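Participant: This is the structure I have questions about; it appears just below.
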Amino acid sequence: MCFSLLRDLEFDHMRRPTSLVLCFFLSGCATGPQWLPRVQHEQPPYAIYGSVVSDNGAKDGWVVVHRGVIVSVGSSESTIPKHARKYKYSGYIFPGLIDTHNHPQYNAIPRWRAAKKYKNRYEWIVDPIYRQNVEAVFAKLKEHHVEYAALKYGEVRALIGGTTSIQGTYAPPESNGLVRNISPTYEADAYTLDVRGLSDEKVQKIRSDLTTGQLKRYFLHVAEGVDTKSSEEFNVLQSKGLLRSGIVLIHGIALTREQFRLMRRVGAYLVWSPQSNLSLYGKTTDVVAAKEEGLTISLAPDWTITGTDNMLEELKVAEKYSKERLHSKVTARDLFRMATINAAKVAGLDQFLGRVAPRFGADFFLAPRLDPDPFKSLLKTNSRDVHMVFVDGVPLYGDEGEVEKFVDSNSIDRINVQGRQKVVVTVADPRLAPRSQEHFRDIVQLLQKSIVMVAPLSEDQ
Ligand SMILES: [Zn+2]
63 MCFSLLRDLE FDHMRRPTSL VLCFFLSGCA TGPQWLPRVQ HEQPPYAIYG
113 SVVSDNGAKD GWVVVHRGVI VSVGSSESTI PKHARKYKYS GYIFPGLIDT
163 HNHPQYNAIP RWRAAKKYKN RYEWIVDPIY RQNVEAVFAK LKEHHVEYAA
213 LKYGEVRALI GGTTSIQGTY APPESNGLVR NISPTYEADA YTLDVRGLSD
263 EKVQKIRSDL TTGQLKRYFL HVAEGVDTKS SEEFNVLQSK GLLRSGIVLI
313 HGIALTREQF RLMRRVGAYL VWSPQSNLSL YGKTTDVVAA KEEGLTISLA
363 PDWTITGTDN MLEELKVAEK YSKERLHSKV TARDLFRMAT INAAKVAGLD
413 QFLGRVAPRF GADFFLAPRL DPDPFKSLLK TNSRDVHMVF VDGVPLYGDE
463 GEVEKFVDSN SIDRINVQGR QKVVVTVADP RLAPRSQEHF RDIVQLLQKS
513 IVMVAPLSED Q
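Residue 185 in the numbering used here sits at position 123 of the sequence shown, and the numbers go up by one each step.
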């Protein structure tokens with residue numbers, strides 16, 4: 063069943079996109095924001111058969127995709143457009159995982175596990191051992207002007223774990239291109255330093271942008287630690303008038319049930335990163351209290367340095383933590399939601415991402431049926447198992463011989479993931495990423511020239 067729908071089209075720079083407006087009116091595409099899809103694809107529609115996973119479970123059916131957007135879900139074969147190509151898969155079709163907090167430009171640097179626990183983020187950031195193992199290496203990447211290659215490498219590490227969007231990328235926009243980078247393009251922004259240092263001018267700008275709708279979400283590291291210096295950050299946020307709708311608190315380890323209640327009341331959100339929290343502080347956020355207070359919580363790896371490789375690995379950590387420490391009060395379904403629907407809400411993108419549904423972006427991944435329960439199956443899935451990951455309707459990672467059915471075989475690179483041969487496509491469309499024309503092998507070479515050791519794609523297994 064070999065077919066080539068995106069081949070020769072997807073990576074053909076000379077073919078200019080028709081106007082977005084024309085697409086929506088002439089082709090019947092759903093109307094959406096200007097970034098959906100990021101690039102106009104001129105290929106005919108295609109249909110993938112599989113067990114489509116939603117919040118309610120899994121249901122077999124066809125998913126029809128046209129020009130980077132999902133047109134229909136659950137259609138019977140007879141309703142698929144006649145000229146659509148068909149691809150049958152025996153496993154699950156999951157929504158692409160949305161990583162609501164990461165620092166992917168650091169993720170080419172090998173993992174660092176501290177020998178001790180800290181009280182707050184300001185302690186380890188100045189620890190000479192951390193500086194030597196992480197910041198000095200990052201400085202080398204900058205010095206050699208290959209930060210963008212490191213970012214791309216970080217994106218690949220996320221992509222192989224089913225991730226199709228990442229928040230936290232603040233490298234030059236021209237280097238973005240593989241997964242969606244939840245940046246100002248997506249009406250989201252962030253501040254990663256100490257909230258106490260936010261100037262009045264900056265605070266005013268954030269508040270007015272949230273009020274006018276120029277921004278939908280603003281992400282801040284808050285209460286990342288176990289001491290009063292960490293917990294005070296919540297009060298600082300409140301005193302600056304930033305405890306409000308659209309604000310996303312990353313970590314919140316030191317927060318109390320009352321504070322979660324207040325967050326829910328004002329329309330703020332929470333990002334949970336258990337592995338990074340546990341390795342740095344020996345403690346993580348009281349997610350059961352946050353859940354009981356009705357707060358929308360998403361799950362994210364933070365970064366590979368103190369966290370996990372990607373969303374699939376973070377899900378495993380969260381599941382284990384819930385079983386061992388929370389009497390399984392955070393269920394497999396909760397975790398699925400935290401990585402998809404909830405994550406889309408936290409990012410302010412739930413109208414277009416986080417579900418395999420009509421009018422949504424064609425961001426999804428195919429993975430084998432490792433358990434009859436799709437949510438439990440997701441928790442058992444490793445990067446090596448992932449059959450294919452689609453962003454904007456284009457497969458960028460997956461099994462050798464399958465991805466090539468969709469994209470030009472010159473675009474692929476063979477990679478070894480957890481002992482299995484896979485392929486990845488890093489030659490992004492130049493309209494998306496003018497500087498992202500390197501193959502994966504070129505990226506690795508660039509990095510190897512700059513730093514002594516490049517982190518393996520997968521460090522968790
Ligand atoms: Zn962070």
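Glycine included, C-beta positions come from ideal geometry on N, C-alpha and C.
The structure displayed is predicted, hence computed values, not measured ones.
#1: Are the Cβ atoms of S293 and A316 separated by less than 7 angstroms?
#2: Please go through the same chain and pick out, in chain order, the residues whose beta-carbon is closer than 6 angstroms to the beta-carbon of G455, but skip the five residues on each side of it.
#3: Are there any heavy atoms of ligand 1 lying less than 6 angstroms away from the beta-carbon of D371, as far as the coordinates show?
#4: Ligand 1 and D251: does any heavy atom of the ligand fall closer than 6 angstroms to the residue's C-beta?
#5: Measure from the alpha carbon of R319 to the alpha carbon of each residue in G239, G356, W365, L374, then state which is nearest.
#6: Measure the alpha-carbon distance for L98 versus I132 and round it to whole angstroms.
#7: My parser needs the beta strand (DSSP E) runs of 3 or more residues fully inside the region 332-374; what are they?
#8: Rounded to the nearest angstrom, what separates E139 and G112 at their Cα positions?
#9: With respect to 6 angstroms, is the separation between the Cβ of D256 and the closest non-hydrogen atom of ligand 1 below this value?
#10: Measuring from the CB of D364, is there a heavy atom of ligand 1 at a distance below 6 angstroms?
#11: Please report the residue range of the alpha helix (DSSP H) in which M325 lies.
#12: Can you tell me whether K148 is helix, strand or coil according to DSSP?
#13: Please name the residue in K291, R242, F422, V114 whose C-alpha comes closest to that of K150.
#14: Check whether the Cβ atoms of L213 and P172 lie closer than 7 angstroms to each other.
#15: For T225, write down the residues that DSSP places opposite it in a beta bridge.
#16: So the candidates are L342, Y343, V333, R258; which of them puts its Cα closest to the Cα of K302?
#17: When the distance is taken between beta carbons, is G216 closer than 7 angstroms to N372?
#18: Does the region 329-349 come into contact with the region 176-183, if we say contact requires no fewer than three beta-carbon pairs (one atom in each stretch) closer than 8 angstroms?
#19: Helix or strand or just coil, what does DSSP make of Q507?
#20: Taking the Cβ atom as the reference point for each residue, do P107 and P143 lie within a distance shorter than 7 angstroms?
#21: For S338, does the count of other Cβ atoms within 10 angstroms reach 16, so buried, or fall short, so exposed?
#22: Secondary structure at S270, three-state DSSP: helix, strand or coil?
#23: Please report the distance separating the alpha-carbon of L519 from that of S152.
#24: Is the separation between the beta-carbon of L441 and that of E386 shorter than 7 angstroms?
#25: Quick check: what's the CA-CA separation for K278 versus A250?
#26: Is there contact between the region 255-271 and the region 190-206, where contact requires at least three CB pairs shorter than 8 angstroms?
#27: Give me the Cα-Cα distance between F200 and Y168, rounded to the nearest whole angstrom.
#28: Based on Cα-Cα distance, which residue from D396, L311, A211 lies nearest to I513?
#29: What are the boundary residues of the alpha helix (DSSP H) that includes F200?
#30: For a quick check, are the C-beta atoms of I312 and H283 less than 7 angstroms apart?
#31: Count the other C-beta atoms from every protein chain shown that fall within 10 angstroms of the C-beta of G460, then say buried if there are 16 or more, exposed otherwise.
#32: Can you give the Cα-Cα distance for T366 and T141, rounded to whole angstroms?
#33: Taking N118 as the reference, give the member of D504, A394, G230 with the closest Cα.
#34: On the criterion of 16 or more Cβ atoms from any shown chain inside 10 Å, does T274 qualify as buried, or is it exposed?
#35: Could I get the ranges of all uninterrupted beta strand (DSSP E) runs contained in the region 270-306, with 3 residues as the minimum, in chain order?
Facilitator: Straight from the coordinates:
#1: Mapped onto the sequence shown, residue 293 falls at position 231. Mapped onto the sequence shown, residue 316 falls at position 254. Result yes, Cβ atoms of S293 and A316 sit closer than 7 angstroms.
#2: As a working mapping, residue 455 is identified with position 393 in the sequence shown. Once the five neighbours on either side are set aside, the close Cβ partners of G455 are V127, G130, A424.
#3: Working through the sequence shown from its first residue, we reach residue 371 at position 309. Checking every heavy atom of ligand 1 against the Cβ of D371, none is found closer than 6 angstroms.
#4: Taking the first residue of the sequence shown as 1, we reach residue 251 at position 189. Flag unset: Cβ of D251 not near ligand 1.
#5: Position 257 of the sequence shown, counting from 1, holds the residue named residue 319. Out of G239, G356, W365, L374, G356 has the C-alpha closest to the C-alpha of R319.
#6: Residue mapping note: residue 98 aligns to position 36 of the sequence shown, counting from 1. Residue mapping note: residue 132 aligns to position 70 of the sequence shown, counting from 1. Taking the CA atoms as reference points, L98 sits about 11 angstroms from I132.
#7: Entirely contained in the region 332-374, the beta strand (DSSP E) runs reaching 3 residues are, in chain order, 359-361.
#8: Here the question's residue 139 lines up with position 77 in the sequence shown. Here the question's residue 112 lines up with position 50 in the sequence shown. Approximately 12 angstroms, taken between the alpha carbons.
#9: To locate residue 256, count along the sequence shown from 1; it is residue 194. Flag unset: Cβ of D256 not near ligand 1.
#10: Indexing the sequence shown from 1 puts residue 364 at position 302. Correct: D364 has its Cβ closer than 6 angstroms to ligand 1.
#11: By one-based count along the sequence shown, residue 325 stands at place 263. Element bounds for M325: 319-328.
#12: By 1-based counting over the sequence shown, the position of residue 148 is 86. Of the three classes helix, strand and coil, the one that applies to K148 here is strand, per DSSP.
#13: The residue you call residue 150 lines up with position 88 of the sequence shown. Among K291, R242, F422, V114, the Cα nearest to that of K150 is on V114.
#14: By one-based count along the sequence shown, residue 213 stands at place 151. By one-based count along the sequence shown, residue 172 stands at place 110. With respect to the 7 angstroms criterion, L213 and P172 are not classified as neighbours on the basis of their beta carbons.
#15: Taking the first residue of the sequence shown as position 1, residue 225 is located at position 163. Partner(s): L159.
#16: Here the question's residue 302 lines up with position 240 in the sequence shown. Closest in alpha carbon position to K302, among L342, Y343, V333, R258, is R258.
#17: Reading the sequence shown from its first residue, position 310 is the one you call residue 372. Reading the sequence shown from its first residue, position 154 is the one you call residue 216. Contact: no.
#18: The region 329-349 makes contact with the region 176-183: 3 or more CB pairs, one atom from each, lie closer than 8 angstroms.
#19: Here the question's residue 507 lines up with position 445 in the sequence shown. Here Q507 sits in helix by DSSP.
#20: As a working mapping, residue 107 is identified with position 45 in the sequence shown. As a working mapping, residue 143 is identified with position 81 in the sequence shown. Yes, these two residues count as a Cβ contact at 7 angstroms.
#21: By one-based count along the sequence shown, residue 338 stands at place 276. Within 10 angstroms of the beta-carbon of S338 lie 16 or more other beta-carbons, which makes it buried.
#22: Here residue 270 is taken as the residue at index 208 of the sequence shown, counted from 1. In the three-state DSSP reduction, S270 falls in the helix class (H, G or I).
#23: Within the sequence shown, residue 519 is the residue found at index 457, counting from 1. Within the sequence shown, residue 152 is the residue found at index 90, counting from 1. Using only the alpha carbons, I get a separation of about 27 angstroms.
#24: Here the question's residue 441 lines up with position 379 in the sequence shown. Here the question's residue 386 lines up with position 324 in the sequence shown. Not in contact: L441 and E386 (Cβ atoms no closer than 7 angstroms).
#25: Taking the sequence shown and counting its residues from 1, one reaches residue 278 at position 216. Taking the sequence shown and counting its residues from 1, one reaches residue 250 at position 188. Per the coordinates, the alpha-carbon of K278 lies some 6 angstroms from the alpha-carbon of A250.
#26: These segments do not touch.
#27: On the sequence shown, position 138 is the one that residue 200 refers to. On the sequence shown, position 106 is the one that residue 168 refers to. Going by the C-alpha atoms only, they are around 7 angstroms apart.
#28: As a working note, residue 513 is residue 451 in the sequence shown. That would be A211, whose Cα lies nearest to the Cα of I513.
#29: Translated into the one-based positions of the sequence shown, residue 200 becomes position 138. Its alpha helix (DSSP H) spans residues 198-205.
#30: Your numbering for residue 312 matches position 250 in the sequence shown. Your numbering for residue 283 matches position 221 in the sequence shown. Yes, Cβ-Cβ distance for I312 and H283 is below 7 angstroms.
#31: The residue given as residue 460 occupies position 398 in the sequence shown. It counts as buried.
#32: Taking the sequence shown and counting its residues from 1, the one referred to as residue 366 is at position 304. Taking the sequence shown and counting its residues from 1, the one referred to as residue 141 is at position 79. Computed Cα separation, rounded: 44 angstroms.
#33: What you label residue 118 is simply residue 56 of the sequence shown in a count that begins at 1. In terms of CA proximity to N118, A394 leads the group D504, A394, G230.
#34: Mapped onto the sequence shown, residue 274 falls at position 212. Classification of T274: exposed, given that the 10 Å Cβ count is below 16.
#35: List check, beta strand (DSSP E) in window: 279-284.
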